[in-house]
Amino acid sequence: MWLQSLCDHLPEAAIAVLVCYGIFVFIRHLFELRCLPPGPYGLPWIGYTPAFGPSAFHQLDILHKSFGDVVCFKAFGNTVVVFNSYETLYEAAVVNRRKVGRWTLSVNDWLAQGHGISNYNTPRAVELRHALFRHLYGHENMIAYLSDRSENNMLAAPIRKEINGLIRELENSNQRPIKVMPIIRRTIWKIMWRVVFGTVCEMENEEIEHILQQISCNNMENTMFQASQLLPKCILPTFKYFPYIQRFFNVDRLTERYKIIHCTMQQEITKSMAAELNPESLLYRFTKDDKLKLTAKELHRLAFELMAAGSDTSSLTLTWAFTYLAAHPEQSSDTVTTKIMDAIHRYASVVPFGLPHIAQEAMTVAGFHIPRRSMLIFNLYAVHQKQRSTAGNVTPPIPFSLGARSCPGGRFANKLLLDIIQSVSNRFNIEAIKEDNIPHPVTRGLTRGPAENYFVFHPKMAL
1 MWLQSLCDHL PEAAIAVLVC YGIFVFIRHL FELRCLPPGP YGLPWIGYTP AFGPSAFHQL
61 DILHKSFGDV VCFKAFGNTV VVFNSYETLY EAAVVNRRKV GRWTLSVNDW LAQGHGISNY
121 NTPRAVELRH ALFRHLYGHE NMIAYLSDRS ENNMLAAPIR KEINGLIREL ENSNQRPIKV
181 MPIIRRTIWK IMWRVVFGTV CEMENEEIEH ILQQISCNNM ENTMFQASQL LPKCILPTFK
241 YFPYIQRFFN VDRLTERYKI IHCTMQQEIT KSMAAELNPE SLLYRFTKDD KLKLTAKELH
301 RLAFELMAAG SDTSSLTLTW AFTYLAAHPE QSSDTVTTKI MDAIHRYASV VPFGLPHIAQ
361 EAMTVAGFHI PRRSMLIFNL YAVHQKQRST AGNVTPPIPF SLGARSCPGG RFANKLLLDI
421 IQSVSNRFNI EAIKEDNIPH PVTRGLTRGP AENYFVFHPK MAL
């Protein structure tokens, strides 16, 4: 009897359970909305569109001033949370480091075709990242270079040779205005080539400058704050078969440049690997890692990311450093201290928002609820601007971001930048030249380009 009675009332009971569950989900949603960080409202599903597009950098600055250190808004069905202070960024990236991963940008995914470590949050990407730390910083030559032990160091000597070549080019300018970016790019590229491949780069200077110009243009135009970066991944295959969709989302120029970069890099990498990798090279250590079992595509993509990302960001930082030293000649001393390097990094903010992160789990930051799968933006530029304007600031600059997904090459890059800036500062007083006396806007994408490109290098002995 009881079974018959249960069956008779089963539909009503199921409906009651569903209604109760729906009420529970709705109440929980309202509670979470109340606990979200403050922020602007936008259109249904589309969200707050002013934060995406050419004026995104300016809009985020307005949101920071209007809503505070943690700002939240919706964009194309995603919850976006921006951290604008060192304290909130530290809490998100370090205190909650196990809950934070890499957000995969759609356009970058289309270009990389699922390979690499910078744009992905897969177990394989994490494994490759750990291997990069191990093989980059675990080698005796790198350990000696970072420790300033240059005796019989097969890495320090080639780096010093390239830096000396840079100094000679600056001396040969004979105190005439020169566009310094191409010279810096060649220097950094050749140093990175030595680290990655263990050999002298045989590419022509014009070819190096061309490929790095393509990389730089893509990085400055390919901002994370655009609709195309948040497209569902299922739409990406249409880019291949319908070029007009690429044009509609302004991806066509990025794709063409990427093809040029990728084709050139493939040829050079294939040539280098055909000649057998140098045992001192980073790629050689990757290929000999039996546990890693690196595929050919993974190796090519890894070499591409190391050469492209490392060369572009370091070149931009050096150009910003020259601008800073030209504006602060009193700091162009015989010894470039940690304090001066910190000031340069704050001034440059070359990667103003880092790369986007994802909340793998719900978490609490500064008392606010951060929902699972939120897009997390670390506003490094805002952090550095506050540090510059705060007297007695004690928080360090974070040019390479923070947490488990900070830049893996940060330690090496900082040491290399210090060595180059120190060498230039020892030999020259720097004067920045405004081209045609017209102020040039600072370009802002994934990277932040300098306003000045022309400099005069006055030998200190001549002054």
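Going by full-length UniProt numbering, the first residue of the sequence shown is number 1, and it counts up by one from there. By construction, the Cβ of each residue, glycine as well, lies at the ideal position given by its N, Cα and C atoms.
Exercise for the section: Give a yes or no on whether the minimum CB-CB distance between L132 and chain D is below 9 Å. Expected result: This model lacks chain D altogether, as it is built from one protein chain only.
Handout entry: Strand pairing of P459, partner residues [DSSP]
Key = What you label residue 459 is simply residue 459 of the sequence shown in a count that begins at 1. DSSP output for P459 lists F428 as bridge partner(s).
Practice task
Following the continuous alpha helix (DSSP H) through C217, name the residue where it begins and the one where it ends.
Solution key: Reading the sequence shown from its first residue, position 217 is the one you call residue 217. C217 -> alpha helix (DSSP H) spans N205 to E221.
Exercise for the section: Please state if the CB of H64 and the CB of A382 are separated by a distance shorter than 9 Å. Expected result: Mapped onto the sequence shown, residue 382 falls at position 382. Mapped onto the sequence shown, residue 64 falls at position 64. Their beta carbons are under 9 Å apart, which means A382 touches H64 by this criterion.
Exercise for the section: Check whether the region 35-42 touches the region 62-76, taking contact to mean three or more Cβ pairs, one atom from each stretch, closer than 8 Å. Expected result: yes
Problem - Option in E140, L155 and V70 with minimal Cα separation from C35 - result: Position 35 of the sequence shown, counted from the start, is the residue given in the question as residue 35. Minimum Cα distance to C35 is reached at V70.
Handout entry: Beta-carbon proximity list for L30, same chain, < 6 Å, skipping 5 on both sides
Key = As a working mapping, residue 30 is identified with position 30 in the sequence shown. Low local confidence applies: a pLDDT of 48 at L30 is under 50, so the model's placement there is unreliable, and no value is given.
Practice task
Please state whether DSSP places G165 in a helix, a strand or coil.
Solution key: Along the sequence shown, one-based indexing puts residue 165 at 165. Helix.
Problem - Closest by C-alpha distance to L146, when choosing among D61, W110 and F412 - result: On the sequence shown, residue 146 is found 146 positions in, with the first residue counted as 1. Ranking the options by Cα distance to L146, first place goes to F412.
Exercise for the section: Would you please state the rounded distance, in angstroms, between the beta carbons of A303 and V196? I believe it to be under 8 Å. Expected result: Here residue 303 refers to the residue found at position 303 when the sequence shown is read from its first residue. Here residue 196 refers to the residue found at position 196 when the sequence shown is read from its first residue. That pair is a contact at about 6 Å.
Practice task
Give me the Cα-Cα distance between N393 and Q387, rounded to the nearest whole angstrom.
Solution key: Mapped onto the sequence shown, residue 393 falls at position 393. Mapped onto the sequence shown, residue 387 falls at position 387. Near 6 Å, if we compare the C-alpha coordinates of Q387 and N393.
Practice task
Alpha carbon to alpha carbon, how far is Q213 from I261? Give it in angstroms, no decimals.
Solution key: Sequence index remark: in the sequence shown, residue 261 carries index 261 (1-based). Sequence index remark: in the sequence shown, residue 213 carries index 213 (1-based). Approximately 10 Å, taken between the alpha carbons.
Exercise for the section: Return yes when the Cβ of A404 is within less than 9 Å of the Cβ of G134, no when it is not. Expected result: Residue mapping note: residue 134 aligns to position 134 of the sequence shown, counting from 1. Residue mapping note: residue 404 aligns to position 404 of the sequence shown, counting from 1. According to the sequence provided, residue 134 is Arg. The question's Gly does not apply to it. Not a contact, by the Cβ cut-off of 9 Å.
Practice task
Counting only the same chain and skipping the five closest in sequence on each side, list residues whose C-beta sits under 6 Å from that of L155.
Solution key: The residue you call residue 155 lines up with position 155 of the sequence shown. Taken in chain order, the residues that qualify are N141 and Y145.
Exercise for the section: Give the DSSP bridge partners of M363, in chain order. Expected result: Numbered from 1 along the sequence shown, position 363 holds the residue referred to as residue 363. According to DSSP, which records beta bridges pairwise, M363 is partnered with I370.
Handout entry: Spatially closest choice to P408 from R372, A359, R247 and G138, by CA coordinates
Key = In the sequence shown, counting from the first residue as 1, residue 408 sits at position 408. For P408, the nearest C-alpha among the options comes from G138.
Practice task
State the Cα-Cα distance for the pair E431 and V456, rounded to the nearest angstrom.
Solution key: If you number the sequence shown from 1, residue 431 lands on position 431. If you number the sequence shown from 1, residue 456 lands on position 456. Answer to the nearest angstrom: the Cα atoms are 5 Å apart.
Exercise for the section: Pick helix, strand or coil for L30, following the three-state DSSP scheme. Expected result: For the purposes of this step, residue 30 is taken as residue 30 along the sequence shown, with counting starting at 1. Reliability fails at L30, whose pLDDT of 48 lies under 50, so the model's placement of it is uncertain and the value that follows must be treated cautiously. Helix, per DSSP.
Exercise for the section: Specify, as a first and last residue, the run of the beta strand (DSSP E) that G101 falls within. Expected result: The residue you call residue 101 lines up with position 101 of the sequence shown. V100 to R102 is the extent of the beta strand (DSSP E) around G101.
Exercise for the section: Indicate whether the contact test is met: 3 or more Cβ pairs, each with one atom in the region 335-354 and one in the region 370-385, closer than 8 Å. Expected result: yes
Exercise for the section: Could you check how far apart the C-beta atoms of L105 and Q229 are, in whole angstroms? I think they sit under 8 Å. Expected result: Taking the first residue of the sequence shown as 1, we reach residue 105 at position 105. Taking the first residue of the sequence shown as 1, we reach residue 229 at position 229. Indeed they touch by this definition, with Cβ atoms about 5 Å apart.
Handout entry: Neighbour-count burial assignment, residue 471, 16 or more Cβ in a 10 Å radius
Key = This structure cannot speak to residue 471, because the chain is shown only from 1 to 463.
Practice task
Pull up the CB-CB distance for Q267 and H300, whole angstroms please, since I reckon it's below 8 Å.
Solution key: Within the sequence shown, residue 267 is the residue found at index 267, counting from 1. Within the sequence shown, residue 300 is the residue found at index 300, counting from 1. Not quite, the Cβ-Cβ distance comes to about 11 Å (not below 8 Å), so this is no contact.
Problem - Run of the beta strand (DSSP E) containing K74, from where it starts to where it stops - result: Position 74 of the sequence shown, counted from the start, is the residue given in the question as residue 74. Per DSSP, K74 belongs to the beta strand (DSSP E) from V70 to A75.
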